[in-house]
Amino acid sequence: MLFSFVAFLMLLAIGSVFSAASSDEVAVKENSVLKINLNSPIREVGVDNPFGGFGALNSTGNAIGLIDLKQALANAKLDPGIKGVYLQTEYPQTGWASLEEIRNALIDFKKSKKFVVAYGEVMTEKGYYIASVADNIYLNPAGALEWNGLDAEYTFFKGTFDKLGIKPVIFRVGEFKSAVEPFIRDNMSEANKAQTTSFLNSLNSHFMANVAQSRGLQVAQLKKLADDLTIQTAGDALRTKLVTKVAYYDEVEADIRKSLKIDEKKKIDFITLSKYENAKKYVEEGSTKNRVAVIIADGEIVSGKDDDNIASDRVAEQIRKARLDDKVKAIVIRVNSPGGSALASDVMWREVVLANKVKPVIASMSDYAASGGYYLAMGARKIVAEPNTITGSIGIFGMVFNTEGFFKDKLGVTYDRVVTNTHSDFPSFTREMSDFEKNVLQQSVNRGYEIFTSKAAQGRKLPIDSLKALASGRVWSGVQAKANGLVDELGGLDKAVQLAAKAANLKEGDYRVRYTPEKKNAIEELIKSFTGDEEEQLQAKLGDLAPYVKYLKMLQRMEGTQARLPFGLDIK
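Structure, rendered in structure tokens:
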């Protein structure tokens, strides 16, 4: 105990030193290049890791904050010391809407007439989507470029439950509410296949159109290259003009030196993203009297005050504080969620509605804002989504697992009971429920669906029949949601902030943007660097089995009726 206490004090002391050092302003040398490595998880809010760049000590805290990255690019655009950006974007770990925001930030940076170059030994299509805006794209001669189109893959567990003797009992509304399919099917239903085909093609069309525009190519040509699996080597990528040069890293550096007009033997002054965050700020923040509060809701929707998910008590409190704060003139709810608890979603929706009565509330959708994520957004005055946001999925479901067969046949465990009333043990996980009991649960889900759709119709100012025609759990892309009225505007977080400021009659320079939650402090990240992030630990210990343990943990967090996307949806 004494050793642990002393070690803890030492951690605090070391963390304080690193935290103080990391807060000092970093000097940017003349003729510097901002070096951005995007081969990490990209999340809405980054981490303030005091050990960033210190080798083995930097065991965690590697997630890149989307907001931090965009702010750095906006600042670098105005920074006279920064002459260009070097991108390493081979396999970014994030969704397509986040990629869209990064890509647009790079396009804006290029307005400064500074260069952007991208290099990779290999590039996935996600990595290439960002790299496609670069002035020069370099691919290693022995490397490869993925170019075969997008696919959406679902994971199914019915066979596992059959082997274990576990019977999922499902209650849902809507033919497209496919979140339960992994537990009762071993493949996609026709309805699910139809909706997935629809939104995936929408995402792919947007992806191809933007790449074609950036590279001066035709969409039909790009689609044919994917259909024919033409891109097999770095030379194929060069010949088809997807990259501008096949080169090794030293050759890339030689070209950068030419752009900087420096001697071939002089070292390039690269500055990393983590260091540049502490550089001199050239973007003016605006008046401190007025604020636009951006409340970030990232993760699964659960009840309580969980820091790692969208916890209803915590987020509701943040919205309430912003509503009661006289300095806050407008609120933006930034949603990145596949959904979760219907009850928790409703708790937060109520605070959005209350806030919207006294000041404008705008919803900004990130990679996902579906089901419970849409529930959270639909009370806002306007909803903004990226063209490749996954949204909709307006519907709910309930699920009970009958484990009687598993415990009896696999473990030899049996149950017996005494009750005071007919249904005292309802709902039970260790016996078959009666048809009457199943009907009670189904009616509860039906009521939840009516509440969800009626509030959505109210928020979108649509007749209930029109809203229900868009519901039934169907998933839409941002482009599709804009066309059918579930979304008002296409764009990113910056556009949502601009709309919020305009609705509050604030002009540019009259307000500051404040984000909640802020980065975790250095002490928290110091301790976390020794304990490790749960998801990173799972990946390190279990490898390819990690996602399945993650799904199990999702099931453990599920309480009550759920409003969420299918488990294991992976678009790549």
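Residue numbers (mature numbering (1 follows the signal peptide of the UniProt record, and there is no 0)): -19 to -1, 1 to 553. Every residue, glycine too, gets a C-beta built ideally from N, C-alpha and C.
Buried versus exposed, by CB contacts within 10 Å (16 or more), residue i
{"i": "leucine 219", "result": "buried"}
{"i": "proline 444", "result": "exposed"}
{"i": "threonine 395", "result": "exposed"}
{"i": "alanine 8", "result": "exposed"}
{"i": "asparagine 182", "result": "exposed"}
{"i": "lysine 553", "result": "exposed"}
{"i": "asparagine 85", "result": "buried"}
{"i": "valine 456", "result": "buried"}
{"i": "tyrosine 230", "result": "exposed"}
{"i": "valine 64", "result": "The sequence shown places lysine at residue 64, not valine. Buried, because 16 or more other Cβ atoms sit within 10 Å of the Cβ of lysine 64."}
{"i": "leucine 392", "result": "exposed"}
{"i": "leucine -18", "result": "exposed"}
{"i": "phenylalanine 417", "result": "exposed"}
{"i": "leucine 305", "result": "exposed"}
{"i": "glutamate 499", "result": "exposed"}
{"i": "glycine 36", "result": "Summary for glycine 36: the model assigns pLDDT 41, below 50, so the residue's position carries little reliability, and this model does not support an answer."}
{"i": "aspartate 49", "result": "buried"}
{"i": "arginine 398", "result": "exposed"}
{"i": "glycine 353", "result": "buried"}
{"i": "valine 400", "result": "exposed"}
{"i": "arginine 428", "result": "exposed"}
Endpoints, beta strand (DSSP E) assigned at residue i
{"i": "serine 326", "result": "Taken as a continuous stretch (DSSP letters only), serine 326 belongs to no beta strand (DSSP E), being part of the alpha helix (DSSP H) at 323 to 339."}
{"i": "tyrosine 119", "result": "117 to 126"}
{"i": "leucine 15", "result": "13 to 18"}
{"i": "glutamine 69", "result": "63 to 69"}
{"i": "glycine 373", "result": "371 to 373"}
{"i": "arginine 153", "result": "148 to 153"}
{"i": "tyrosine 100", "result": "96 to 104"}
{"i": "arginine 272", "result": "272 to 279"}
Run of the alpha helix (DSSP H) containing residue i, from where it starts to where it stops
{"i": "isoleucine 445", "result": "445 to 451"}
{"i": "serine 179", "result": "171 to 196"}
{"i": "glycine 354", "result": "353 to 358"}
{"i": "asparagine 56", "result": "47 to 59"}
{"i": "aspartate 475", "result": "474 to 484"}
{"i": "isoleucine 165", "result": "162 to 165"}
{"i": "glycine 285", "result": "Per DSSP, glycine 285 belongs to no alpha helix (DSSP H) and is neither H nor E."}
{"i": "glycine 216", "result": "215 to 220"}
Three-state secondary structure (DSSP) of residue i
{"i": "tyrosine 496", "result": "strand"}
{"i": "serine 435", "result": "helix"}
{"i": "lysine 442", "result": "coil"}
{"i": "isoleucine 111", "result": "helix"}
{"i": "alanine 201", "result": "helix"}
{"i": "methionine -19", "result": "coil"}
{"i": "arginine 295", "result": "helix"}
{"i": "arginine 398", "result": "coil"}
{"i": "phenylalanine 137", "result": "coil"}
{"i": "alanine 44", "result": "coil"}
{"i": "residue 620", "result": "The structure shown has nothing for residue 620, since the chain only spans -19 to 553."}
{"i": "isoleucine 23", "result": "strand"}
{"i": "lysine 389", "result": "helix"}
In DSSP terms, what residue i is bridged to
{"i": "glycine 81", "result": "It should be noted that the sequence gives glutamate, not glycine, for residue 81. In DSSP, glutamate 81 forms no bridge with anything."}
{"i": "glutamine 461", "result": "Note: glutamine 461 sits in no beta bridge, so no partner."}
{"i": "serine 318", "result": "Ala350"}
{"i": "serine 345", "result": "Arg315, Val365"}
{"i": "isoleucine 252", "result": "Leu15"}
{"i": "leucine 471", "result": "Ala366"}
{"i": "asparagine 383", "result": "Lys148"}
{"i": "valine 456", "result": "Gly373"}
{"i": "isoleucine 552", "result": "Ala133"}
{"i": "glutamine 74", "result": "Pro22"}
{"i": "alanine 260", "result": "Val7"}
{"i": "lysine 226", "result": "Tyr119"}
{"i": "phenylalanine 417", "result": "None, per the DSSP bridge assignment."}
{"i": "valine 309", "result": "Arg272"}
{"i": "valine 426", "result": "Answer is none; valine 426 lacks a bridge partner."}
Residue i at chain C interface by Cβ criterion, 8 Å
{"i": "threonine 211", "result": "The structure shown has no chain C; it contains just one protein chain."}
Would you check if there are 3 or more beta carbon pairs closer than 8 Å linking the stretch 319 to 329 to the stretch 279 to 295?
yes
The stretch 364 to 374 touching the stretch 457 to 474, judged by at least three CB pairs closer than 8 Å:
yes
Are the stretch 188 to 206 and the stretch 484 to 492 in contact at 8 Å, needing three or more beta carbon pairs?
no
Using a Cβ distance threshold of 8 Å, determine whether the stretch 108 to 128 contacts the stretch 196 to 212, with at least three qualifying pairs required.
yes
Looking at C-beta atoms only, is the number of pairs between the stretch 12 to 22 and the stretch 236 to 251 that lie closer than 8 Å three or more?
yes
So does the stretch 141 to 148 actually touch the stretch 370 to 388, counting three or more Cβ pairs closer than 8 Å?
yes
With a threshold of 8 Å, are at least 3 pairs of Cβ atoms found where one atom belongs to the stretch 354 to 362 and the other to the stretch 327 to 345?
Between the stretch 354 to 362 and the stretch 327 to 345, the count of C-beta pairs closer than 8 Å reaches three or more; the two stretches touch.
Taking 8 Å as the cut-off, does the stretch 21 to 30 touch the stretch 51 to 69 (at least 3 CB pairs, one atom from each stretch)?
no
Is the stretch 336 to 353 in contact with the stretch 108 to 116, if contact means three or more CB pairs nearer than 8 Å?
They do not touch, by the three-pair rule.
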